[in-house]
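Going letter by letter, the sequence shown gives residues 5 to 116 in our numbering.
Where a beta carbon is used, it is the ideal one built from N, C-alpha and C, also for glycine.
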Amino acid sequence: MTEKAIDFAYLSRQTAGDHELERELLTLFAQQCIVHLRVIDDSADHQQRMDAAHTLKGAARAVGAWQVAEAADRIEEGLAGPQREASESALDALALAAAEARAAIARFDCGA
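Next comes the structure, spelled out in structure tokens:
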């Protein structure tokens, strides 16, 4: 389902069709995925985990990675909720969505 991982039409509208800018934004987003997923998975600091989920959600929305944004939002909501924890299924959904987005980005870069 990686063809839906990034909304390239949305990204193109955001960048006014500037292919180099798209590539730059997607490269940055792919790097952010790695960094923020690591914090969400490995950090013992609750606030850092919430901040990482929130930042990743915003970055995903900026490039049209809607599945990543939705999954990060579920993580953020779980961490902000009464249990103050993200479910394993939410963590798995975020990891999968991020992997699919990164695969779509790799194909985009190869096709350029």
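>> I need the DSSP call for A108, collapsed to helix, strand or coil.
In response: For the purposes of this step, residue 108 is taken as residue 104 along the sequence shown, with counting starting at 1. In the three-state scheme derived from DSSP, where H, G and I count as helix and E and B as strand, A108 is classed as helix.
>> If you measure between the beta carbons of A108 and A64, is that distance less than 9 angstroms?
In response: Within the sequence shown, numbered from 1, the residue matching residue 108 stands at position 104. Within the sequence shown, numbered from 1, the residue matching residue 64 stands at position 60. No, they are not a contact pair.
> If you draw a straight line from the alpha carbon of F33 to that of G68, how long is it in whole angstroms?
Replying inline: Along the sequence shown, one-based indexing puts residue 33 at 29. Along the sequence shown, one-based indexing puts residue 68 at 64. In this structure, the CA atom of F33 is about 11 angstroms from the CA atom of G68.
> Where does Q87 fall in DSSP's three states?
Replying inline: As a position in the sequence shown, residue 87 is number 83, starting the count at 1. Here Q87 sits in coil by DSSP.
> What residues in its chain sit with their C-beta under 6 angstroms from that of V72, if we drop five residues either side in the sequence?
Replying inline: Stepping through the sequence shown from its first residue, residue 72 is reached at position 68. A64, A101, A102 and A105.
> When the Cα atoms are used, what is the spatial distance from W70 to D49?
Replying inline: Within the sequence shown, the letter at position 66 stands for residue 70. Within the sequence shown, the letter at position 45 stands for residue 49. Each residue's alpha carbon lies about 26 angstroms from the other.
> So, are the CB atoms of A90 and Q18 less than 9 angstroms apart?
Replying inline: Position 86 of the sequence shown, counted from the start, is the residue given in the question as residue 90. Position 14 of the sequence shown, counted from the start, is the residue given in the question as residue 18. Taking 9 angstroms as the Cβ cut-off, A90 and Q18 do not qualify as a contacting pair.
> V43: which of A57, T31, E24 and Q35 sits nearest, CA to CA?
Replying inline: Residue 43 sits at position 39 when you count from the first residue of the sequence shown. Checked all of A57, T31, E24 and Q35; the closest Cα to V43 is A57.
>> Once DSSP output is grouped into helix, strand and coil, what is the label at G68?
In response: Locating residue 68 in the sequence shown gives position 64, where the first residue counts as 1. Of the three classes helix, strand and coil, the one that applies to G68 here is coil, per DSSP.
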